[in-house]
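This report refers to the structure that appears directly beneath it.
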Amino acid sequence: MAKIISIANQKGGVGKTTTTINLSSLLAAAEKRTLLVDIDPQANSSSGLSVTDQTPSVYEVLVGTRNINEVIINTFMPFLDMLPSNINLVGAEIEMVDMENRETLLRTALAEINEKYDYILIDCPPSLGLLTLNSLTASNSVLIPVQCEYFALEGLGQLLNTINIVKKHFNKELAIEGVLLTMFDTRLRLSHQVAEEVRKYFGDKVYNTVINRNVRISEAPSYGKPIILYDAISSGAQNYMALASELLEKNSGILNNQ
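Residues in the sequence shown are numbered consecutively from 162, following the numbering used here.
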């Protein structure tokens, strides 16, 4: 049975999609059967793995016009599948408002394919609407990227409140998988100050691995590749390799007991 992890932060530009693409790719490289679910209407995770304008998409799954098995596609990486997004997802929340069990549509769909995977990673939109609510309701845990920049903690309280609401009403098992410091610049005092504040607030939930600011990470999506295939020796690739190892180590006992 898959461990389902939402990568969420309603603040944009924190490295959420970059983390989803690279972490899922590295889990697949470790021969873990991995599904990347792109539930962001911007579809950046999809294009970041060379999947563009894919129809059908997760939109059809959520509104009930396609079965999830018809929509999942194989990527160019062994062990990595994708449930892609496209621009149609923009209107999904409006359609979902009047649907029965609107908060659990994604959970119901993923239940059909859960046994096929070791990990399912969900790239959430930068908002706290119905799409993110569906993602959190479907997940075992949430990975929260936090950029080491000014106003980094802005909005985190709202995200944590949303997580608590989901736990109370829809998914009592939902946990924080970890907090990931991104865009860290060793030269800047601000980066160190933000990292200190985040570690003070979240304690041992903060990953030891820090994602440094790296131009190669920024370039890779425009080539439709994860960093491991674009520049495996870059510091960005090494950072994400360390993150994948840390996540696998923390979850090894859980997976082995399933």
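Every residue, glycine too, gets a C-beta built ideally from N, C-alpha and C. Remember, it's a predicted structure, so these values are computed and weren't measured experimentally.
* To do: Could you tell me which of T343, Q203, E231 sits nearest to S246, measuring between CA atoms?
  => Position 85 of the sequence shown, counted from the first residue, corresponds to residue 246. Ranking the options by Cα distance to S246, first place goes to Q203.
* Residue of P306, L297, I378, I372 minimising C-alpha distance to N322 -> Here residue 322 refers to the residue found at position 161 when the sequence shown is read from its first residue. That would be L297, whose Cα lies nearest to the Cα of N322.
* Asked: Skipping 5 residues on each side, what residues in its chain have a beta carbon closer than 7 Å to that of E334?
  -> In the sequence shown, the residue the question calls residue 334 occupies position 173. Excluding positions up to five away in sequence, the list reads N301.
* Asked: What whole-angstrom Cβ distance do Q171 and S288 have, given they're in contact under 8 Å?
  -> Here residue 171 corresponds to residue number 10 of the sequence shown, with the count starting at 1. Here residue 288 corresponds to residue number 127 of the sequence shown, with the count starting at 1. The pair is a contact, with the Cβ atoms about 5 Å apart (cut-off 8 Å).
* To do: To the nearest angstrom, report how far apart P306 and Y280 are at their CA atoms.
  => Taking the first residue of the sequence shown as 1, we reach residue 306 at position 145. Taking the first residue of the sequence shown as 1, we reach residue 280 at position 119. One C-alpha to the other measures close to 18 Å.
* Asked: Is there contact between the region 193–213 and the region 385–393, where contact requires at least three CB pairs shorter than 8 Å?
  -> yes
* Asked: Between Y311, L187, T236, which lies nearest to L351 when the distance is taken from Cα to Cα?
  -> Against the sequence shown, residue 351 aligns to sequence position 190. Among Y311, L187, T236, the Cα nearest to that of L351 is on Y311.
* For G397, is the classification buried or exposed, using 16 other Cβ atoms within 10 angstroms of its Cβ as the cut-off for buried? -> The residue given as residue 397 occupies position 236 in the sequence shown. Only buried fits G397, as 16 or more other CB atoms lie within 10 angstroms of its CB.
* Going along the chain, which residues of its own chain have a beta-carbon closer than 8 Å to the beta-carbon of M402, five neighbours each way excluded? -> Looking up residue 402 in the sequence shown gives position 241. Excluding sequence neighbours, M402 sits near L187, I389.
* Asked: Hey, out of N228, I248, L282, R194, whose CA is closest to I182's CA?
  -> Here the question's residue 182 lines up with position 21 in the sequence shown. Considering only alpha carbons, the answer is L282.
* Residue burial classification, F345 (beta-carbon count within 10 angstroms, cutoff 16) -> The count along the sequence shown starts at 1 and reaches residue 345 at position 184. Buried.
* **Status (buried if at least 16 other CB within 10 Å, exposed otherwise) for A270** => In the sequence shown, residue 270 corresponds to position 109, counting from 1. A270 is buried by the Cβ-count criterion.
* Could you spell out where the alpha helix (DSSP H) holding L271 opens and where it closes? => Residue 271 sits at position 110 when you count from the first residue of the sequence shown. 266–272 is the extent of the alpha helix (DSSP H) around L271.
* Asked: Roughly how many whole angstroms lie between the Cα atoms of T179 and A336?
  -> Position 18 of the sequence shown, counted from the first residue, corresponds to residue 179. Position 175 of the sequence shown, counted from the first residue, corresponds to residue 336. So the alpha carbons of these two residues sit roughly 22 Å apart.
* Asked: At which residues does the alpha helix (DSSP H) containing Q215 begin and terminate?
  -> Looking up residue 215 in the sequence shown gives position 54. Premise fails: Q215 is in no alpha helix (DSSP H) and is neither H nor E.
* Using the C-alpha atoms, what's the distance from I166 back to G339? -> The residue labelled residue 339 in the question sits at position 178 within the sequence shown. The residue labelled residue 166 in the question sits at position 5 within the sequence shown. Taking the straight line joining both Cα atoms gives about 10 Å.
* Residue environment, N418, which counts as buried when at least 16 other CB atoms sit within 10 Å -> Walking along the sequence shown from the start, residue 418 turns up at place 257. Reliability of the predicted coordinates at N418 is poor, the pLDDT of 44 falling under 50, and the value obtained from them is presented with this limitation in mind. Exposed, by the Cβ-count rule.
* How many Å lie between V355 and C309 at the Cα? -> Position 194 of the sequence shown, counted from the start, is the residue given in the question as residue 355. Position 148 of the sequence shown, counted from the start, is the residue given in the question as residue 309. For V355 and C309, the distance between alpha carbons rounds to 5 Å.
* Asked: Would a C-beta distance cut-off of 9 Å place K277 and L196 closer than the cut-off?
  -> Here residue 277 refers to the residue found at position 116 of the sequence shown. Here residue 196 refers to the residue found at position 35 of the sequence shown. Taking a C-beta distance under 9 Å as the contact criterion, K277 and L196 qualify as a contact pair.
* Leaving out the 5 sequence neighbours to the left and right, which residues in its chain are closer than 6 Å to L294 when beta-carbon positions are compared? -> In the sequence shown, counting from the first residue as 1, residue 294 sits at position 133. So the qualifying residues of the chain are E264.
* To do: Apply the 10 Å Cβ neighbour rule to I255 and answer buried if 16 or more other Cβ atoms are within range, or exposed otherwise.
  => Taking the sequence shown and counting its residues from 1, the one referred to as residue 255 is at position 94. Under this definition I255 is an exposed residue.
* With distances taken between CB atoms, is the gap from N332 to A381 smaller than 9 Å? -> Here residue 332 is taken as the residue at index 171 of the sequence shown, counted from 1. Here residue 381 is taken as the residue at index 220 of the sequence shown, counted from 1. The answer is no: Cβ separation not under 9 Å.
* To do: Could you check the C-alpha separation between V219 and M260 for me, to the nearest Å?
  => Walking along the sequence shown from the start, residue 219 turns up at place 58. Walking along the sequence shown from the start, residue 260 turns up at place 99. V219 and M260: Cα-Cα distance of roughly 16 Å.
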